[in-house]
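Student: Just so you know, the protein sequences line up as chains A and B, in that order. Numbering-wise (UniProt numbering), the first sequence opens with residue 1 and increments by one. Numbering-wise (UniProt numbering), the second sequence opens with residue 1 and increments by one. Glycine is no exception: its CB is placed at the ideal position from the N, C-alpha and C atoms. Structure provided below as structure tokens; questions to follow.
2 protein chains.
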Amino acid sequence: MEKVDGRLVRGDQTRRAVLRRAVDIASVDGLEGLSIGRLATELGISKSGLFAHFGSKEELQLATIRAARRIYADAVVLPALEVEPGIQRVRKLSECWIDYSRRRVFPGGCFFQKVSHEYAARGGAVHEALAGVHREWMELMEDVVREAVDRGELAADPAQLAFDLNAYYEAANLASILHGNETGYDQASRSIGARLESAAR
Amino acid sequence: MEKVDGRLVRGDQTRRAVLRRAVDIASVDGLEGLSIGRLATELGISKSGLFAHFGSKEELQLATIRAARRIYADAVVLPALEVEPGIQRVRKLSECWIDYSRRRVFPGGCFFQKVSHEYAARGGAVHEALAGVHREWMELMEDVVREAVDRGELAADPAQLAFDLNAYYEAANLASILHGNETGYDQASRSIGARLESAAR
Numbered sequence: 001m002e003k004v005d006g007r008l009v010r011g012d013q014t015r016r017a018v019l020r021r022a023v024d025i026a027s028v029d030g031l032e033g034l035s036i037g038r039l040a041t042e043l044g045i046s047k048s049g050l051f052a053h054f055g056s057k058e059e060l061q062l063a064t065i066r067a068a069r070r071i072y073a074d075a076v077v078l079p080a081l082e083v084e085p086g087i088q089r090v091r092k093l094s095e096c097w098i099d100y101s102r103r104r105v106f107p108g109g110c111f112f113q114k115v116s117h118e119y120a121a122r123g124g125a126v127h128e129a130l131a132g133v134h135r136e137w138m139e140l141m142e143d144v145v146r147e148a149v150d151r152g153e154l155a156a157d158p159a160q161l162a163f164d165l166n167a168y169y170e171a172a173n174l175a176s177i178l179h180g181n182e183t184g185y186d187q188a189s190r191s192i193g194a195r196l197e198s199a200a201r
Numbered sequence: 001m002e003k004v005d006g007r008l009v010r011g012d013q014t015r016r017a018v019l020r021r022a023v024d025i026a027s028v029d030g031l032e033g034l035s036i037g038r039l040a041t042e043l044g045i046s047k048s049g050l051f052a053h054f055g056s057k058e059e060l061q062l063a064t065i066r067a068a069r070r071i072y073a074d075a076v077v078l079p080a081l082e083v084e085p086g087i088q089r090v091r092k093l094s095e096c097w098i099d100y101s102r103r104r105v106f107p108g109g110c111f112f113q114k115v116s117h118e119y120a121a122r123g124g125a126v127h128e129a130l131a132g133v134h135r136e137w138m139e140l141m142e143d144v145v146r147e148a149v150d151r152g153e154l155a156a157d158p159a160q161l162a163f164d165l166n167a168y169y170e171a172a173n174l175a176s177i178l179h180g181n182e183t184g185y186d187q188a189s190r191s192i193g194a195r196l197e198s199a200a201r
């Protein structure tokens, strides 16, 4: 789209502003805490305007998940993909994850950990979307580990090492939000270092 | 109390029935999903009767956390304490945790993981209570690991090993609820085995 009229530009800006606010709210209060009325009030937009963008609460929740996925990709995945494949990329992915949680890219800590727990035991489209992101993330980690294995830099089952690293990230994120301190990050960093050391060849 | 009158017994039975339902609801829908109205309807008790027991939603939430802590202690902690201190107790605690999640002692999976994520980024008495349970649990794990270290059965920093084991449990619990399969438990069991193997002396 090279030329867009004013309404389309404004519509797109509104949509982005709504979703940026929505991901922040959901990272603290959950996707259930999102309501079109609340967002309209907070952003000074009409409810009918918001309905025109999202149609229903579930549509808003699904759009919020997609927006959070893009922010997550920018913060965690893309910087790691700029590093050469292999052990360095595995290390970079871990650093980016801890940094993403520590600097509160989302004010409530990891968006996906928060809302995945919220919807894990429920059915529906939101659950399916979150299960899909989790699967995609674990496969990406596994691929990044496998590159290091294929280069002979690590001796490990890729899925198993990906499981362990992700477990350290998640445990650190929860401990840090719950206790308001850095202890979990220090512990996770040591665990990541030791786990990669034990798999190094 | 050797002799109690009928009203006290019935009051205590009502309280137990309410809390047993409340922990199950909260493990799926969260502590925010608890309401005195909903519980009264589901259990066929009057709202005023429930108010007499709990006073406020926050009191009900705090009582639900205490009830869940007792169920958790019965399922995970007490069976491990029946085993001799040392590496066997560390293994038993891990087995009990995986079993506790797998057989859905709470229908939504681990109660504490669920509601800790719900309240991690909020303030207040519920947050404080959950942070307290998390601290207590991590200290207990650390003590159990330290016994094995003191007996010369493991060479590890107790807090670090406790962090790792707990991370595997939590990651398995989330993966299992989100994907409705056992893969996470299998991965966690291998991770626990390998981690204890690497720390064995």
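Is the Cβ-Cβ distance between residue 162 (chain B) and residue 145 (chain B) less than 8 Å?
Tutor: With respect to residue 145 (chain B), residue 162 (chain B) sits close: the two C-beta atoms are nearer than 8 Å.
Student: Taking the alpha helix (DSSP H) that residue 74 (chain B) belongs to, which residues open and close that run?
Tutor: It is not in any alpha helix (DSSP H) - residue 74 (chain B) carries neither H nor E in the DSSP assignment.
Student: Can you pull out the residues from the region 108–124 of chain A whose beta carbon lies closer than 8 Å to at least one beta carbon of chain B?
Tutor: 108, 109, 113, 114, 116, 117, 118, 120, 121, 122
Student: Based on the DSSP secondary-structure assignment, which residues constitute the bridge partners of residue 200 (chain A)?
Tutor: A:154
Student: When you compare each of A:27, A:92, A:36 to residue 68 (chain A) by their alpha carbons, which one comes out closest?
Tutor: A:27
Student: Quick test of your reading: residue 110 (chain A) and residue 173 (chain A), contact by CB under 8 Å. State the CB separation rounded to the nearest angstrom.
Tutor: 5 Å
Student: Expressed to the nearest angstrom, what Euclidean distance is found between the alpha-carbon atoms of residue 106 (chain A) and residue 175 (chain A)?
Tutor: 16 Å
Student: How should residue 47 (chain B) be labelled, buried or exposed, when 16 other C-beta atoms within 10 angstroms of its C-beta is the threshold for buried?
Tutor: In this structure residue 47 (chain B) is exposed. Its beta-carbon is surrounded by fewer than 16 other beta-carbon atoms within 10 angstroms.
Student: So, for residue 140 (chain A): in the same chain, excluding its five sequence neighbours on each side, which residues have a beta-carbon less than 8 Å away from its beta-carbon?
Tutor: 77
Student: State the DSSP-derived secondary structure class of residue 175 (chain A), mapped to helix, strand or coil.
Tutor: helix
Student: Which value, in whole angstroms, describes the spacing of the CA atoms of residue 20 (chain B) and residue 29 (chain B)?
Tutor: Between the alpha carbons of residue 20 (chain B) and residue 29 (chain B) lies a distance of about 14 Å.
Student: Quick one: give me the first and last residue of the alpha helix (DSSP H) that residue 220 (chain B) is part of.
Tutor: The structure shown has nothing for residue 220 (chain B), since chain B only spans 1 to 201.
Student: Could you confirm whether any beta carbon from chain A is found closer than 8 Å to the beta carbon of residue 49 (chain B)?
Tutor: no
Student: CB-CB under 7 Å to residue 79 (chain B), same chain, minus the five flanking residues each way: which ones, in chain order?
Tutor: 92, 96
Student: When you check each C-beta in the region 164–192 of chain B against every C-beta of chain A, which residues fall closer than 7 Å?
Tutor: Within the region 164–192 of chain B, the qualifying residues are 164, 166, 167, 168, 170, 171, 174, 177, 178, 179, 187, 190, 191.
Student: Give the interface partners of residue 62 (chain A) over in chain B, defined as CB-CB distance under 7 Å, in chain order.
Tutor: Under the 7 Å cutoff, chain B gives no residues; its nearest Cβ is about 16 Å from residue 62 (chain A).
Student: Residue 198 (chain B) touches chain A at which residues, Cβ-Cβ below 9 Å?
Tutor: In chain order: 194, 198.
Student: Rounding to the nearest angstrom, what Cα-Cα distance links residue 56 (chain B) and residue 62 (chain B) in this structure?
Tutor: 10 Å
Student: State the DSSP-derived secondary structure class of residue 96 (chain A), mapped to helix, strand or coil.
Tutor: Three-state DSSP puts residue 96 (chain A) in a helix.
Student: For residue 153 (chain B), which residues from the same chain have a beta carbon less than 6 Å from its beta carbon, with the 5 sequence-adjacent residues on both sides left out?
Tutor: 86, 87
Student: Smallest Cα separation from residue 121 (chain B): which of A:104, A:40, A:127?
Tutor: Residue A:104 holds the alpha-carbon nearest to the alpha-carbon of residue 121 (chain B) among A:104, A:40, A:127.
Student: With a threshold of 8 Å between beta-carbons, can residue 134 (chain A) be considered close to chain B, or not?
Tutor: Proximity of residue 134 (chain A) to chain B, defined by a Cβ-Cβ separation below 8 Å, is satisfied.
Student: Which residues in chain B sit within 8 Å of residue 131 (chain A), going by Cβ to Cβ distance?
Tutor: 178, 179
Student: Considering only residues of the region 85–150 of chain A, which uninterrupted alpha helix (DSSP H) runs meet the minimum length of 4 residues and lie entirely inside it, listed in chain order?
Tutor: Fully contained in the region 85–150 of chain A are the following alpha helix (DSSP H) runs of length 4 or more, in chain order: 87–102, 111–119, 125–150.
Student: In its own chain, which residues sit with a C-beta less than 7 Å from the C-beta of residue 156 (chain B), not counting the 5 before and 5 after it?
Tutor: 145, 149, 199
Student: Specify the secondary structure class of residue 82 (chain A) as computed by DSSP and reduced to three states.
Tutor: coil
Student: When Cβ atoms are compared, which residues of the UniProt domain "HTH tetR-type" (12–72) of chain B fall closer than 9 Å to chain A?
Tutor: 27, 28, 29, 30, 32, 33
Student: Mind reading off the beta-carbon distance from residue 160 (chain B) to residue 187 (chain A)? Whole number of angstroms is fine, and I expect it under 8 Å.
Tutor: 6 Å
Student: At a Cβ threshold of 8 Å, is residue 160 (chain A) touching chain B?
Tutor: yes
Student: Which same chain residues end up closer than 8 Å to residue 36 (chain A) when comparing Cβ atoms and leaving out the 5 residues on each side of it in sequence?
Tutor: 47, 50, 51, 54, 57, 60
Student: For residue 94 (chain A), tell me which candidate among A:170, A:117, A:178 has the shortest Cα-Cα distance.
Tutor: A:170
Student: Could you tell me the distance, in whole angstroms, from the CA atom of residue 66 (chain A) to the CA atom of residue 132 (chain A)?
Tutor: If I take the Cα positions, the gap works out to 11 Å.
Student: Going straight from the alpha carbon of residue 127 (chain B) to that of residue 136 (chain B), what length do you get?
Tutor: Roughly 14 Å between the two C-alpha positions.
Student: Cα-Cα, which of A:178, A:75, A:143 is closest to residue 99 (chain A)?
Tutor: A:75
Student: Can the beta-carbon of residue 203 (chain A) be found less than 8 Å from the beta-carbon of residue 201 (chain A)?
Tutor: Chain A is shown only over 1 to 201; residue 203 (chain A) falls outside these bounds and no answer can be derived.
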